[in-house]
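So the sequence shown is numbered by my numbering: it starts at 8 and just counts up by one. All C-beta atoms in this analysis are idealised placements derived from N, C-alpha and C, irrespective of residue type, glycine included. Bear in mind the structure is a predicted one, so any value in this text is a computation, not a measurement. Have a look at the structure below, then the notes.
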Amino acid sequence: MALTRNDFDGLYTAIVTPLTADGAVDVAGLKKLVRFQLDAGASGIVPIGGTGEYTAFSRDERKAIVTACVEEAGNKPVIPGVLSTGFKDAVDAAKDFTQAGAAAVMTVTPYYAPGTQDGMREYFMAYRDQVDIPVMLYQIPRRTTVAMTAEGVQAMAEDGTIIGMKFSSYDMPEFIKTIKYAGDKIAVLSGEEPLFATHVALGAKGGVLASASIYPKIWLEIFALAQDGKLKEALSLQNKVDPVLETIFLETNPGPLKHYMELAGMPVGGVRLPLQAPNADTVAKLKDAVKKAQAAALA
């Protein structure tokens, strides 16, 4: 299943990676989580990105995670995140995920040794030449310190390097420019829950959202309202999720999110080092957020 830009629509959940008590990948739990998303109406699954703790797993574990997701997803697309710093490692990951049955890969802008706009564009052009799978740009400058400009994204869209992108940034002027320059050429997906409804109203085709790991249905409702031009109603509904969003990102994702899921009755295990369980203050806030979510009937 190879995706095109026209195939994107709706929610693509950035799922956590369930772990057993001894820290191994919980394959049964992973498949259960994938099924939960698809039964709720998610359009696809995005495993082992930042929310899925990509950097904490070995190459073999990553491929096994993607394989399990593909097996459970059936005809729904699985789009793994690729967070490797080195070009060759990123290529190898894409080849592994292609063999596992992924529909596309979502590859982060090169970091640690960040390039210029021209350098990053050539990086992705060379990357696409070496992989036999559609590529999405994963733009998250708060983690990578770099971002492609709207003009750069437009050039990548026009030369066929990418079919879409996850826009994880609070830079609204740049988002608007990106939609203006490339929104008719690639599928731009929101990667920011607080801006999701606004992004959709401005032209995003959907979103890749971490909090949907536990609350996919409300994000689908928000998406439908925003896509239908009912932004005020979408934002009003989104307000119900705010207490959750204010807590699950207090520490590095997905530590608080995984703990929140356990508190809310959906245990998925802990995190791998260097991440740790959230501190006591965060846990107290997570507990309060769970109560508010239950009162608002989010589940």
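Rounded to whole angstroms, how far is the Cβ of residue i from the Cβ of residue j, which I believe are closer than 8 Å?
i: Leu270; j: Lys294; result: 6 Å
i: Leu232; j: Glu240; result: 5 Å
i: Gly122; j: Leu90; result: With a Cβ gap of about 16 Å, Gly122 and Leu90 do not count as contacting.
i: Thr74; j: Tyr118; result: Between Tyr118 and Thr74 the Cβ distance is about 27 Å, and since that is not below 8 Å, they are no contact.
i: Leu40; j: Ser220; result: 7 Å
i: Thr254; j: Lys292; result: 5 Å
i: Thr58; j: Ala21; result: 4 Å
i: Pro285; j: Pro263; result: 5 Å
i: Ala33; j: Gly276; result: Checking the sequence shown, residue 33 turns out to be Asp, not Ala. Right, their Cβ atoms sit about 6 Å apart.
Closest to residue i by C-alpha separation, out of the options, would be which residue?
i: Tyr177; options: Glu199, Thr168, Thr185; result: Glu199
i: Lys83; options: Gly93, Val290, Gly51; result: Gly51
i: Gly126; options: Thr105, Ala21, Val160; result: Val160
i: Pro281; options: Ala31, Asp33, Glu60; result: Glu60
i: Asp252; options: Ala296, Phe230, Arg279, Phe182; result: Looking at the sequence provided, one finds Leu at residue 252 rather than Asp. Closest by alpha carbon: Ala296.
i: Ile193; options: Pro201, Tyr145, Gln234; result: Tyr145
i: Ala28; options: Asn286, Pro285, Glu165, Val278; result: Val278
i: Pro274; options: Lys102, Ala120, Thr24; result: Thr24
i: Met163; options: Met132, Pro180, Lys299; result: Met132
i: Gln124; options: Met143, Ala154, Pro87; result: Ala154
i: Met268; options: Arg149, Gly30, Ser218, Glu181; result: Ser218
i: Pro180; options: Thr105, Gln283, His206; result: His206
i: Asn13; options: Asp288, Ile169, Phe104, Ala120; result: Ile169
i: Ala303; options: Phe230, Gly236, Ile225; result: Ile225
i: Glu79; options: Phe230, Thr289, Lys265, Pro54; result: Pro54
i: Tyr130; options: Phe104, Ile147, Ser65, Lys95; result: Lys95
i: Thr105; options: Ile147, Thr92, Ile72; result: Ile72
i: Pro201; options: His266, Gln234, Leu242, Gln283; result: Leu242
i: Pro87; options: Gly236, Ala120, Ala63, Val142; result: Val142
i: Leu305; options: Glu158, Gln245, Val290, Arg42; result: Gln245
i: Arg149; options: Gly167, Glu165, Thr116; result: Thr116
i: Arg42; options: Ala120, Gly81, Val290; result: Gly81
Pick helix, strand or coil for residue i, following the three-state DSSP scheme.
i: Met113; result: strand
i: Gln283; result: coil
i: Tyr118; result: coil
i: Ser197; result: strand
i: Leu77; result: Correcting the residue type first, residue 77 is Val in the shown sequence and not Leu. The answer is helix: DSSP assigns Val77 an H, G or I state.
i: Thr105; result: helix
i: Tyr222; result: coil
i: Thr156; result: coil
i: Lys173; result: strand
i: Ala28; result: coil
i: Thr262; result: Inspection of the sequence shows that residue 262 is occupied by Gly rather than by Thr. If DSSP states are grouped into helix, strand and coil, Gly262 belongs with the helices.
i: Ala241; result: helix
i: Ala7; result: Residue 7 cannot be examined here, being either before or after the span of the chain that is shown, 8 to 306.
i: Met143; result: strand
i: Gly214; result: strand
i: Val278; result: coil
i: Ile186; result: helix
i: Val85; result: strand
i: Gly126; result: helix
i: Val297; result: helix
i: Val248; result: helix
i: Gly36; result: helix
i: Ile52; result: strand
I'd like to check one pair, residue j with residue i: are the Cβ atoms closer than 8 Å?
i: Ala100; j: Arg128; result: no
i: Gly7; j: Phe15; result: Since the displayed the chain opens at 8 and closes at 306, residue 7 lies outside it and no answer follows.
i: Gly190; j: Phe203; result: no
i: Leu10; j: Pro223; result: no
i: Thr185; j: Phe174; result: yes
i: Val85; j: Tyr134; result: no
i: Phe182; j: Leu216; result: no
i: Arg107; j: Val77; result: Looking at the sequence provided, one finds Ala at residue 107 rather than Arg. The answer is yes: Cβ separation under 8 Å.
i: Leu238; j: Lys212; result: no
**Asked** Does the stretch 137 to 149 touch the stretch 111 to 121, meaning 3 or more C-beta pairs lie closer than 8 Å?
**Response** yes
**Asked** When the Cβ atoms of the stretch 254 to 261 are set against those of the stretch 41 to 48, are three or more pairs found closer than 8 Å?
**Response** no
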